[in-house]
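Please read the structure below before turning to the comments.
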Amino acid sequence: MTPIRMTKIVATLGPASNSESMIEKLVNAGADVFRMNFSHGSHDDHAAVHKAIRTIEARLGRSIAILADLQGPKLRIGVVPDGPRQLSIGDQVRFVNTSTPRGNDIPLPHADIFETIAKGDLILIDDGRIRLRTTEVSTTAIVAEVLNNAILQDRKGVNFPDTKLAVKSITPKDADDLRFALELGVDWVAMSFVQTAQDIQDLRVLMDTQVKIVAKIEKPIAVSNIDEILCQADAIMVARGDLGVECNWHELPAIQSALVAKARAVGKPAIVATQMLESMITAPLPTRAETSDVATAVTQRADAVMLSAESAAGEFPVEAVEAMCAIALATETAAKADHTKIDTALIDAPDDSGSIASAAGVLAQLRNACCIATYTETGATALRVSKTRSQVPILAVCPSVKIARPLNLVWGVTPVINTNIEEFNSSRDGHIPPQLATSHLVQTDQPVIVTSGSTHGQAGGTDSLKIAYLRKR
Numbered sequence: 011m012t013p014i015r016m017t018k019i020v021a022t023l024g025p026a027s028n029s030e031s032m033i034e035k036l037v038n039a040g041a042d043v044f045r046m047n048f049s050h051g052s053h054d055d056h057a058a059v060h061k062a063i064r065t066i067e068a069r070l071g072r073s074i075a076i077l078a079d080l081q082g083p084k085l086r087i088g089v090v091p092d093g094p095r096q097l098s099i100g101d102q103v104r105f106v107n108t109s110t111p112r113g114n115d116i117p118l119p120h121a122d123i124f125e126t127i128a129k130g131d132l133i134l135i136d137d138g139r140i141r142l143r144t145t146e147v148s149t150t151a152i153v154a155e156v157l158n159n160a161i162l163q164d165r166k167g168v169n170f171p172d173t174k175l176a177v178k179s180i181t182p183k184d185a186d187d188l189r190f191a192l193e194l195g196v197d198w199v200a201m202s203f204v205q206t207a208q209d210i211q212d213l214r215v216l217m218d219t220q221v222k223i224v225a226k227i228e229k230p231i232a233v234s235n236i237d238e239i240l241c242q243a244d245a246i247m248v249a250r251g252d253l254g255v256e257c258n259w260h261e262l263p264a265i266q267s268a269l270v271a272k273a274r275a276v277g278k279p280a281i282v283a284t285q286m287l288e289s290m291i292t293a294p295l296p297t298r299a300e301t302s303d304v305a306t307a308v309t310q311r312a313d314a315v316m317l318s319a320e321s322a323a324g325e326f327p328v329e330a331v332e333a334m335c336a337i338a339l340a341t342e343t344a345a346k347a348d349h350t351k352i353d354t355a356l357i358d359a360p361d362d363s364g365s366i367a368s369a370a371g372v373l374a375q376l377r378n379a380c381c382i383a384t385y386t387e388t389g390a391t392a393l394r395v396s397k398t399r400s401q402v403p404i405l406a407v408c409p410s411v412k413i414a415r416p417l418n419l420v421w422g423v424t425p426v427i428n429t430n431i432e433e434f435n436s437s438r439d440g441h442i443p444p445q446l447a448t449s450h451l452v453q454t455d456q457p458v459i460v461t462s463g464s465t466h467g468q469a470g471g472t473d474s475l476k477i478a479y480l481r482k483r
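FYI, the numbering for the sequence shown is 11 to 483, going by our numbering.
Right under this line is the structure:
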């Protein structure tokens, strides 16, 4: 039996990969979710990509998830007067709240920053390559001391790791992009630069309740507020680009580990992203360090690992997906061989459905089941079973494609669509119908652990567990 990969792969689409033929190659290489980055491209571009994905989905007969990633509030300096400026340690730089500064002032046309920044706060420019510390602040100007030698250039991004910014979490561009993405019919929406749970609530008000929200954790304040954010979001992304700039760089691995663990503990998906196979933008194979980086996320049992520029703009998008898939499979296989004992660390029983999900994972490992099959009306049961990380694949039988698609992001879950509830109910006789079997997941004469409810089709009604076998045709 071919090993089933439990960790999912998110591939960002862009100029190198947004054709229908290339998207199909990426699916066949192992991509489970496609990310549309609304920081780039027009609505027409995204509409064409969305159509291509759905065309391939229908052709291949399997559900594919689409994640729309909103740009969020991008903070940048304006044009540097007199061109690039050499900065030396100890220099004083004055930032002003205007796009047309006088003299040597640096334009920083973001009024909200001037209202919240405090003396002593750190300012990072150009992905942290330039570091400054504020010495004077007012509502119109900020004076900061340069902490390292560097060259300041036009329109570079600015980060404020010490400051809780009063910027609007949803920009006018985000609102317009969100409306368009929802009209297209995306399955997940990623919110950039989340600071608090209120940011997620503000986004939720604008959304269809069936569309899931990914909170991108990119700021230290979001790390501090992670418990509250996880209560409101449906998933998190450990977005290591801006997060790596704003937090202490040497603490990033520990932060990643903690964030993934917290998401697992509450049964919500966690994506690890940014520079995972960065060298494959221009090289056909990853570096040894990148291989270890992906393996670390897999070992932490993150739900998904993500490719950004590697698949969007790189020279080897298909090879990048194949490499990520191979690393995940090898790491999972080794972990399964090394850990033959049942992992009960995440087993809990908050309610009947939670107890059944936990028990399903334990029973599946005890009986060496080929999979855990569950009918899930909303996707919640599949999430509960996935939380146990039992190392046994999960066959999530869904009533509609709307429920199936988002589950492609969830660890160990293979969603299938079956609208005949009574057919699934017939598993009560000790068998599951062959229509529910996928050749690579359900095996003849190998047990299937089935979770179900006394009243089929009722959300939250999972209350029974049984051992079944594939019914022969």
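Each residue gets a CB set at the ideal place from its N, CA and C atoms; glycine is no exception. All values reported here derive from a predicted model rather than from experimental measurement.
Separation of residue j from residue i, as counted between CA atoms
| i | j | result |
| --- | --- | --- |
| Asn258 | Ser202 | 20 Å |
| Ala207 | Gln453 | 44 Å |
| Ala273 | Ala245 | 8 Å |
| Gly82 | Phe170 | 15 Å |
| Pro457 | Ala283 | 36 Å |
| Pro111 | Arg189 | 36 Å |
| Val153 | Ile291 | 39 Å |
| Ile116 | Gly138 | 17 Å |
| Gly130 | Thr149 | 16 Å |
| Glu67 | Ile74 | 6 Å |
| Thr301 | Ile337 | 7 Å |
| Asp455 | Ala478 | 10 Å |
| Asn235 | Gly254 | 17 Å |
| Thr108 | Asp136 | 20 Å |
| Ala307 | Pro416 | 21 Å |
| Leu475 | Asn428 | 20 Å |
| Leu262 | Asp252 | 11 Å |
| Arg298 | Thr145 | 43 Å |
| Gly422 | His50 | 31 Å |
| Ala305 | Ala345 | 10 Å |
| Ile210 | Ile123 | 21 Å |
| Thr219 | Gln310 | 30 Å |
| Leu77 | Asn114 | 43 Å |
| Ser365 | Leu240 | 21 Å |
DSSP beta-bridge partners of residue i
| i | result |
| --- | --- |
| Phe44 | Ala21 and Ile76 |
| Asn169 | Leu134 |
| Ser462 | Ser474 |
| Cys381 | Val458 |
| Trp198 | Leu77 and Lys222 |
| Met247 | Lys226 and Ile281 |
| Met316 | Val20 |
| Gln102 | Glu155 |
| Thr144 | Ala154 |
| Cys257 | None, per the DSSP bridge assignment. |
| Arg95 | Leu162 |
| Ile404 | Ile382 and Val423 |
| Arg86 | Gly167 |
| Pro117 | Val106 |
Cβ neighbours of residue i in the same chain (closer than 6 Å, five flanking residues each side left out)
| i | result |
| --- | --- |
| Val90 | Leu162 and Asp164 |
| Ser400 | Gly371, Ala374 and Gln375 |
| Thr181 | Pro83 |
| Leu118 | Ile87 and Phe105 |
| Ala330 | Leu287, Met290, Leu317, Glu320 and Ser321 |
| Ala367 | Arg394 and Val395 |
| Gln266 | Val248 |
| Ala312 | Val270, Ala280 and Val282 |
| Phe326 | Met290 and Pro294 |
| Pro230 | Pro171, Glu256 and Cys257 |
Neighbourhood of residue i by C-beta, 7 Å cutoff - its chain only, sequence neighbours within 5 removed
| i | result |
| --- | --- |
| Gln96 | Ile161 |
| Cys381 | Val402, Pro403, Ile404, Leu405, Leu451, Val452 and Val458 |
| Val328 | Lys35, Leu36 and Ala39 |
| Val156 | Leu97, Ser98, Ile99, Gly100, Asp101, Val103 and Leu142 |
8 Å Cβ shell around residue i - same chain, five flanking residues per side excluded
| i | result |
| --- | --- |
| Val221 | Leu192, Val196, Asp197, Trp198 and Val199 |
| Thr343 | Pro13 |
Distance between beta carbons of residue j and residue i, contact taken as under 8 Å
| i | j | result |
| --- | --- | --- |
| Leu339 | Arg15 | 5 Å |
| Ile413 | Val20 | Rounded, the Cβ-Cβ distance is 19 Å, inconsistent with contact. |
| Val248 | Ala225 | Going by Cβ atoms, the distance from Val248 to Ala225 rounds to 10 Å, so no, they are not a contact pair. |
| Leu213 | Ile227 | 15 Å between Cβ atoms; not a contact. |
| Pro279 | Ala314 | 7 Å |
| Met46 | His56 | 5 Å |
| Asp186 | Leu80 | Not really, about 10 Å apart at Cβ, beyond 8 Å. |
| Ala379 | Thr386 | With 8 Å as the limit, Ala379 and Thr386 do not qualify as a contact, their Cβ atoms being about 18 Å apart. |
| Val460 | Ala383 | 5 Å |
| Val426 | Val411 | Actually they are not in contact, since the Cβ atoms of Val426 and Val411 sit about 10 Å apart, beyond 8 Å. |
Any non-hydrogen atom of the ligand SAH closer than 7 Å to residue i Cβ
| i | result |
| --- | --- |
| Met16 | The ligand content of the structure shown is nil, which means the ligand SAH is not present either. |
> Using 8 Å as the Cβ pair cut-off and three pairs as the minimum, do the stretch 20-38 and the stretch 55-70 touch?
Replying inline: In short, these stretches touch, since the Cβ pair count reaches three.
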